[in-house]
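*Asks:*
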Amino acid sequence: MNAPTEFARAVCPHDCPDTCAMRVTVENGRAIKVIGDPDHPPTQGALCTKVSRYAERVHHPRRLTTPLRRVGAKGEGRFEPIGWDEALKLAAGRLSEIAARAPEAIVPYSYAGTMGLVQGDSIAQRFFHKLGASQLDRTICAAAGAAGLKYTYGASLGMLTEFFAESELILIWGSNPIASNLHFWTRAQEAKRRGARLIAIDPYRSLTAEKCHQHIALKPGTDGALALGMMNVLITEDLLDHAYIADHTLGFEQLKARALTYSPGRVAQICGIDEQTIVDLARLYGGTRKAAIRMNYGLQRVRGGGNAVRAIACLPSLTGAWRERSGGTLLSSSGWAPVNTHALQRPDLMPGWPSRQARVINMNAIGDALLHPGDAGFGPKIEAVIVYNSNPVAVAPDSARVAAGFAREDLFTIVLEHFQTDTADYADLLLPATTQLEHLDLHKSYGHTHVMVNLPAIQPVGEARPNTEIFRGIARRMNLQEPALFESDESVAANAFRWEDPVFEGVDWESLKRTGWAKLNLPDAPFADGGFRTPSGKCEFSSERLAQQGFDPLPDYLPPYESADGDPELAARYPLAMISPPARNFLNSTFVNVESLRSTEGEPHIDIHPSDASRRQVLDGDLVRIFNDRGSMQARARVTDKAREGLVVGLSIWWKKLAPDGCNANQVTSQALTDLGGSATFYDCLVEVERV
Ligand SMILES: Nc1nc2c(c(=O)[nH]1)N[C@H]1C(S)=C(S)[C@@H](COP(=O)(O)OP(=O)(O)OC[C@H]3O[C@@H](n4cnc5c(=O)[nH]c(N)nc54)[C@H](O)[C@@H]3O)O[C@H]1N2
Ligand SMILES: Nc1nc2c(c(=O)[nH]1)N[C@H]1C(S)=C(S)[C@@H](COP(=O)(O)OP(=O)(O)OC[C@H]3O[C@@H](n4cnc5c(=O)[nH]c(N)nc54)[C@H](O)[C@@H]3O)O[C@H]1N2
Ligand code: SF4
Ligand SMILES: [Mo]
1 MNAPTEFARA VCPHDCPDTC AMRVTVENGR AIKVIGDPDH PPTQGALCTK VSRYAERVHH
61 PRRLTTPLRR VGAKGEGRFE PIGWDEALKL AAGRLSEIAA RAPEAIVPYS YAGTMGLVQG
121 DSIAQRFFHK LGASQLDRTI CAAAGAAGLK YTYGASLGML TEFFAESELI LIWGSNPIAS
181 NLHFWTRAQE AKRRGARLIA IDPYRSLTAE KCHQHIALKP GTDGALALGM MNVLITEDLL
241 DHAYIADHTL GFEQLKARAL TYSPGRVAQI CGIDEQTIVD LARLYGGTRK AAIRMNYGLQ
301 RVRGGGNAVR AIACLPSLTG AWRERSGGTL LSSSGWAPVN THALQRPDLM PGWPSRQARV
361 INMNAIGDAL LHPGDAGFGP KIEAVIVYNS NPVAVAPDSA RVAAGFARED LFTIVLEHFQ
421 TDTADYADLL LPATTQLEHL DLHKSYGHTH VMVNLPAIQP VGEARPNTEI FRGIARRMNL
481 QEPALFESDE SVAANAFRWE DPVFEGVDWE SLKRTGWAKL NLPDAPFADG GFRTPSGKCE
541 FSSERLAQQG FDPLPDYLPP YESADGDPEL AARYPLAMIS PPARNFLNST FVNVESLRST
601 EGEPHIDIHP SDASRRQVLD GDLVRIFNDR GSMQARARVT DKAREGLVVG LSIWWKKLAP
661 DGCNANQVTS QALTDLGGSA TFYDCLVEVE RV
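Residue numbers (the UniProt record's numbering): 1 to 692.
(1) Going by beta carbon distance, what residues of the same chain come within less than 6 Å of Val107, once the five residues before and after it are set aside?
(2) Going by the DSSP bridge assignment, what does Phe412 pair with across the sheet?
(3) May I ask whether a heavy atom of ligand 1 can be found less than 8 Å away from the beta carbon of His609?
(4) With respect to the alpha helix (DSSP H) encompassing Thr208, which residues constitute its N-terminal and C-terminal limits?
(5) Grab me the residues of Phe591's own chain with a C-beta within less than 6 Å of its C-beta, minus the 5 sequence neighbours each way, in chain order.
(6) Using three-state DSSP, classify Tyr297 as helix, strand or coil.
(7) Can you name the residues that DSSP bridges to Met452?
(8) If we call anything under 9 Å between Cβ atoms a contact, is Thr19 one with Gly462?
(9) Can you determine whether any heavy atom of ligand 1 sits closer than 8 Å to the C-beta of Ser175, and answer yes or no?
(10) Are the beta-carbon atoms of Val34 and Asp441 separated by less than 9 Å?
(11) To the nearest angstrom, report how far apart Asp241 and His248 are at their CA atoms.
(12) Measure from the alpha carbon of Asp501 to the alpha carbon of each residue in Ile579, Leu619, Pro338, then state which is nearest.
(13) Alpha carbon to alpha carbon, what distance is there between Asp202 and Thr186?
(14) Indicate the three-state DSSP secondary structure (helix, strand or coil) for Phe109 in the structure shown.
(15) Does the distance from the C-beta atom of His210 to that of Ala191 stay below 9 Å?
(16) Measuring CB to CB, does Val300 end up less than 9 Å from Gly145?
(17) Can you name, in chain order, every residue of its own chain whose Cβ lies under 8 Å from the Cβ of Arg70, other than the five neighbours on each side?
(18) Measuring only the C-alpha atoms, how far is Gly421 from Leu512?
(19) Do you know how far the Cα of Phe164 is from the Cα of Ala46?
(20) Please specify which runs of the beta strand (DSSP E), each continuous and at least 3 residues long, are wholly inside the segment 62-111, giving them in chain order.
(21) Pull up the CB-CB distance for Gly224 and Asp556, whole angstroms please, since I reckon it's below 8 Å.
(22) Please report the straight-line C-alpha distance between Met1 and Pro483, rounded to a whole angstrom.
(23) Taking three-plus beta-carbon pairs below 8 Å as touching, is the segment 619-632 in contact with the segment 327-342?
(24) From what residue to what residue does the alpha helix (DSSP H) around Gly265 run?
(25) Quick check on this structure: which residue in Glu166, Leu160, Asn521, Leu686 has the alpha carbon closest to the alpha carbon of Ser333?
(26) Roughly how many whole angstroms lie between the Cα atoms of Ala643 and Ala665?
(27) Where Pro81 and Leu136 are concerned, what is the direct C-alpha to C-alpha distance, given to the nearest angstrom?
(28) How long is the line joining the alpha carbons of Trp173 and Ile273, rounded to whole angstroms?
(29) Measuring alpha carbon to alpha carbon, tell me which of Leu455, Phe7, Gly36, Pro38 ends up nearest Asn28.
(30) Quick one: what does DSSP say Tyr244 is sitting in, helix, strand or coil?
(31) With distances taken between CB atoms, is the gap from Ile140 to Asn307 smaller than 9 Å?
(32) In the DSSP assignment, find the alpha helix (DSSP H) that holds Lys192 and state where it starts and stops.
(33) Below 8 Å on the Cβ atoms is my guess for Ile470 versus Ala433; work out the distance and round it to an integer in Å.
(34) Which of the three DSSP states, helix, strand or coil, is assigned to Lys33?
(35) Check Phe7 in the structure and name its three-state DSSP category.
(36) Contact check, Ile170 vs Ala147 under 8 Å by CB: the rounded distance?
Here you go:
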């Protein structure tokens with residue numbers, strides 16, 4: 001007889017602004033269906049296609065279900081099963097030996113496989129802090145934009161997503177919400193039905209750009225110039241809110257002087273668009289009261305990404321759009337939730353803290369770091385890497401260097417995973433981790449302002465264990481005597497927020513467990529009366545903090561490293577700019593191994609403009625090689641004017657081993673870092689294309 005059907009509440013753990021509430025149907029201990037919670041306002045009962053298939057991923061026949069030890073060569077992916085006891089002993093033995101000599105030779109590598117505060121970075125961080133291991137600068141995605149916001153608004157704060165539905169004009173800037181922020185797109189369509197005008201600013205005619213009233217296809221990496229050009233028009237045509245500027249901003253005169261050097265004519269040259277387009281855009285923006293900007297991270301994966309976000313972030317403070325709840329900007333709302341980072345991660349466990357901090361490795365240069373022989377400047381050569389919540393061999397830039405680093409015979413690599421990813425193939429020890437349906441977690445969101453609890457819906461699949469439990473197990477085997485390393489998941493979660501903050505108003509861990517989620521208590525129009533979180537409390541057009549660090553205090557345009565302006569010699573050899581934004585049916589490299597989703601994406605493609613294609617005798621459907629000095633990949637050409645001239649677009653992020661040639665877009669991307677925040681520059685990349 002069948003066990004009764006149960007319904008459990010869960011939260012989508014993926015790196016997506018929407019952080020949906022899910023309802024899981026469980027039968028006989030198996031999750032059989034996952035749907036969007038109809039009662040959760042941001043989710044509105046709908047999940048995206050990929051997460052609707054979550055049960056297929058959780059119970060996938062290739063889930064890792066036991067610890068595995070490498071038996072083949074590094075990268076070959078041959079393993080034998082071992083017991084947990086033996087696995088933990090092996091891990092503890094190697095790590096203890098290295099930690100006794102050179103703790104900084106141990107490096108964590110993690111990102112947002114889950115965004116849960118507990119399975120993301122709690123016990124794991126404490127563990128590495130206690131060892132005195134190297135710290136990881138987690139900057140692969142959003143750090144340039146976050147820095148741009150920090151120096152302008154004081155934190156990652158912005159409009160409340162629900163009020164975009166009331167906006168009269170929405171600039172969808174460096175963002176493809178139909179693929180990557182679906183529940184915002186629902187709001188934008190609501191606004192469109194009420195008569196709002198939608199404008200996409202994107203070098204590529206994305207799924208979203210196709211459905212907007214207007215598409216401004218600028219050259220990649222030139223957004224800072226466009227924003228400064230808009231300011232130029234707003235200032236010269238006096239489309240400004242002088243009272244807002246006087247009361248709530250800092251540095252207007254300096255910004256004005258800067259913006260006046262960006263005439264529409266100059267900006268048109270830089271961005272590769274018409275001068276009139278810039279003037280019209282600025283007039284429309286300056287002339288609309290309820291003008292909203294949805295930025296997303298696509299625009300900041302270039303050299304000038306931090307400055308570009310900063311420049312765009314200044315716009316609503318010039319026009320006073322913040323006065324309306326349906327006006328302003330949103331890049332990330334993650335700063336609204338008061339996370340108690342210190343309690344979660346316990347940096348004070350680091351030996352010598354706070355006067356001495358361990359070495360920091362930037363995750364975007366992990367290839368170079370793994371291949372570094374070690375010296376006085378760099379510190380000790382890396383001897384061990386522990387990867388969790390991430391798949392660096394597929395997602396990190398300059399992949400040939402990353403793979404070469406992980407292939408080092410003398411590197412000890414532990415990978416905590418659900419599946420045998422490209423990175424897992426290089427593990428010495430591959431440990432099975434639970435998915436969101438099998439563990440407890442607590443979430444904030446970067447696309448809405450609810451906090452949410454995920455309770456386990458099913459027992460762990462096979463012998464999988466939560467990340468927290470795996471780190472506790474290694475710590476126990478290493479005989480580490482620190483109570484914080486052995487705190488339970490529930491207790492970690494219960495202390496993860498500053499519940500006393502007024503945004504919680506009557507909400508605490510116990511009540512949240514009962515209700516599943518709670519909306520933070522925030523004003524509808526967060527900056528209508530100023531109240532920015534900068535040192536001055538104002539929107540800082542000019543930043544003293546940046547000046548003190550030797551940076552330009554004002555936003556400016558910095559040409560991409562790899563562009564005709566940034567490096568003419570390189571541009572002569574590699575004339576095409578390549579971007580590799582997310583494919584709709586993948587989530588970064590997650591879901592690429594789910595057959596139903598992979599078959600929808602088909603095979604790796606590259607979109608190329610007809611004139612660029614004909615110059616290279618490339619026909620639609622040809623197999624082409626995309627290459628530069630760092631490497632090459634193959635893809636099927638789609639000849640289409642969705643890509644502007646001079647641009648090629650390879651939707652990503654494929655598992656390398658599931659691509660016909662074993663390569664993906666990161667073969668050609670570079671380890672160079674952004675202007676602010678030390679973020680990755682995936683879309684600052686010149687290539688050439690030829691027929692295979
Ligand atoms: N389906 C799906 N959803 C996802 C993800 C996924 O992989 N798949 N990934 C998640 C993650 S980790 C993130 S960070 C977000 C990313 O999602 P977004 O923040 O939306 O960013 P991207 O998809 O990188 O880029 C969005 C758009 O920016 C455009 N773009 C590229 N370069 C430039 C530029 O220089 N200027 C401008 N104006 N536009 C540019 C791209 O063509 C693309 O259409 O999505 C999340 N959601
Ligand atoms: N070319 C190119 N490269 C890019 C990008 C791009 O646009 N173009 N985007 C970049 C961006 S924005 C980002 S955010 C990064 C994303 O890079 P990553 O954060 O590495 O994201 P994923 O590729 O989704 O890999 C996450 C892995 O974590 C695992 N995982 C999920 N939950 C858990 C868990 O609870 N425990 C453990 N142990 N593992 C878990 C999943 O199985 C998955 O393999 O990629 C970057 N790389
Ligand atoms: S990936 Fe995003 S849209 Fe899809 S279910 Fe998760 S949070 Fe919702
Ligand atoms: Mo990301």
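Beta carbons are placed, not taken as given, at the ideal position from N, Cα and C, and that holds for glycine.
*Replies:* Straight from the coordinates:
(1) Ser134, Ile361, Ile382, Val385
(2) Ala384
(3) no
(4) 207-210
(5) Lys50, Leu597
(6) helix
(7) His443, Trp517
(8) no
(9) yes
(10) no
(11) 11 Å
(12) Pro338
(13) 19 Å
(14) With the sequence shown as reference, residue 109 is identified as Tyr, and Phe is not the correct amino acid for it. Three-state DSSP puts Tyr109 in a strand.
(15) According to the sequence as given, residue 210 is Glu; it is not His. No, the pair does not count as a contact, with Cβ atoms beyond the cut-off.
(16) The question names Val, yet the displayed sequence has Gln at residue 300. Closer than 9 Å, so yes.
(17) Arg78, Phe79, Ala427, Asp428, Leu429, Leu430
(18) Per the sequence shown, the amino acid found at residue 421 is Thr instead of Gly. Near 34 Å, if we compare the C-alpha coordinates of Leu512 and Thr421.
(19) 18 Å
(20) 68-70, 79-81, 106-110
(21) 7 Å
(22) At Met1 the pLDDT is 45, less than 50, meaning the model places this residue with poor confidence and gives no usable figure here.
(23) no
(24) 264-271
(25) Leu160
(26) 16 Å
(27) 30 Å
(28) 15 Å
(29) Phe7
(30) helix
(31) no
(32) 182-193
(33) 7 Å
(34) strand
(35) strand
(36) With 8 Å as the limit, Ile170 and Ala147 do not qualify as a contact, their Cβ atoms being about 25 Å apart.
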